[in-house]
Structures are given as structure tokens and as C-alpha cells.
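Adding 178 to a residue's 1-based position in the sequence shown gives its number in our numbering. Reading through the C-alpha cells given below for one structure.
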Amino acid sequence: IIQKNPNSLEYENVLKSLVKNLKDIKTKQQSSKLNKDYSSISIKDFESIINNIPLIKSTRLINILALSLIAKELYTPIFEEMEENMFIKYIEAAIQNNIKEDKILFENLTIKALEKYIKDFE
179 IIQKNPNSLE YENVLKSLVK NLKDIKTKQQ SSKLNKDYSS ISIKDFESII NNIPLIKSTR
239 LINILALSLI AKELYTPIFE EMEENMFIKY IEAAIQNNIK EDKILFENLT IKALEKYIKD
299 FE
């Protein structure tokens, strides 16, 4: 039996970290009540909101959401059969690029994952 390093960037460890971080956020999240004093919004308003208003304040939650979506929609076990796990290599490169303010690779991965996720809506 091969022991896996719990500190290495591997798919299983990524999933465990995402779950752990989400649980941590949930324990600290404040409850809120539905305010019914607002008027209805149109689809035009909805689209304007999507384009102009951040709906989530927490960078951590946004990152967990994006990484979870990427992991769920783009990962396949075939990556583990490759000499280097290309899924992890892409995630690692996307995160490292992001640190250097180059967000294109991470955004492209997120778009691909979202396209796969949302295809059932069409």
C-alpha cells in the first residue's frame, strides 16, 4: 500500500482542503433574514447586477466555489494515469499565474468548468 503525502498537491488533498475550508466558512457565517421590502427586478436588472455588483464579499468563498467547480467538472481519473497528473499541473500553474496577477488561465479553467456545468440548462 502506497502512503500518500497529506501535504502534497494531489486531487484527494485538494478536495479535502476545499471541504475543510467550506466547513470553516459555514461555522463563521452569520445568519440573515429575507427582506421582503424590495421591488421586483427585471431580467435587464438581473443582467446589470451580474455585470456590475459583486454578489459575494468573501474572496475565500469565491475561490472555494471556483476551485470546487473546476475539480468537479474538469477532473477525470485518466489524469492520474499520466506520468504527471496534468489536472494538478494545470491547477498549480493557474494558481501560480494568479499570484503573479495573470488570471487568464484560472479564468479559462473556470469558464470551461462552468460551461460543462451549465450545459444542462440549455
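Here a beta-carbon is modelled for each residue, glycine too, at the ideal position from N, C-alpha and C.
*Count the other CB atoms, across all protein chains shown, that sit within 10 Å of the CB of Ile242; report buried if there are 16 or more and exposed otherwise.*
buried
_I need the boundaries of the alpha helix (DSSP H) containing Met264, first residue and last residue._
Met264 to Ile277
*Contact under 7 Å by Cβ, Ser246 with Leu196*: Taking 7 Å as the Cβ cut-off, Ser246 and Leu196 qualify as a contacting pair.
*For Asn230, the first and last residue of its enclosing alpha helix (DSSP H)*: Ile221 to Asn230
*Could you tell me the boundaries of the alpha helix (DSSP H) in which Asp202 lies?*
Note, Asp202: alpha helix (DSSP H), Tyr189 to Lys206.
*Secondary structure at Leu212, three-state DSSP: helix, strand or coil?*
coil
*Would you mind stating whether Glu258 and Ala291 have Cβ atoms separated by less than 7 Å?*
no
*Please check the pair Leu287 and Ile240, which I expect to be a contact at CB under 8 Å, by giving their CB distance rounded to whole angstroms.*
Their Cβ separation, rounded to whole angstroms, is 14 Å, which puts Leu287 and Ile240 out of contact at 8 Å.
*Do you know how far the Cα of Asn229 is from the Cα of Ile266?*
31 Å
*Is the Cβ of Tyr253 closer than 7 Å to any Cβ of chain B?*
In the structure shown, chain B does not exist; there is a single protein chain.
_When Glu270, Lys211 and Gln207 are compared against Phe284, the one with the closest alpha-carbon_ = Glu270
*If you draw a straight line from the alpha carbon of Lys194 to that of Lys222, how long is it in whole angstroms?*
The C-alpha of Lys222 is placed about 39 Å away from the C-alpha of Lys194.
_Residues near Val192 in its chain [Cβ-Cβ closer than 8 Å; skip 5 each side]_ = Result list for Val192: Leu245, Ala249, Ile266 and Ile269, in chain order.
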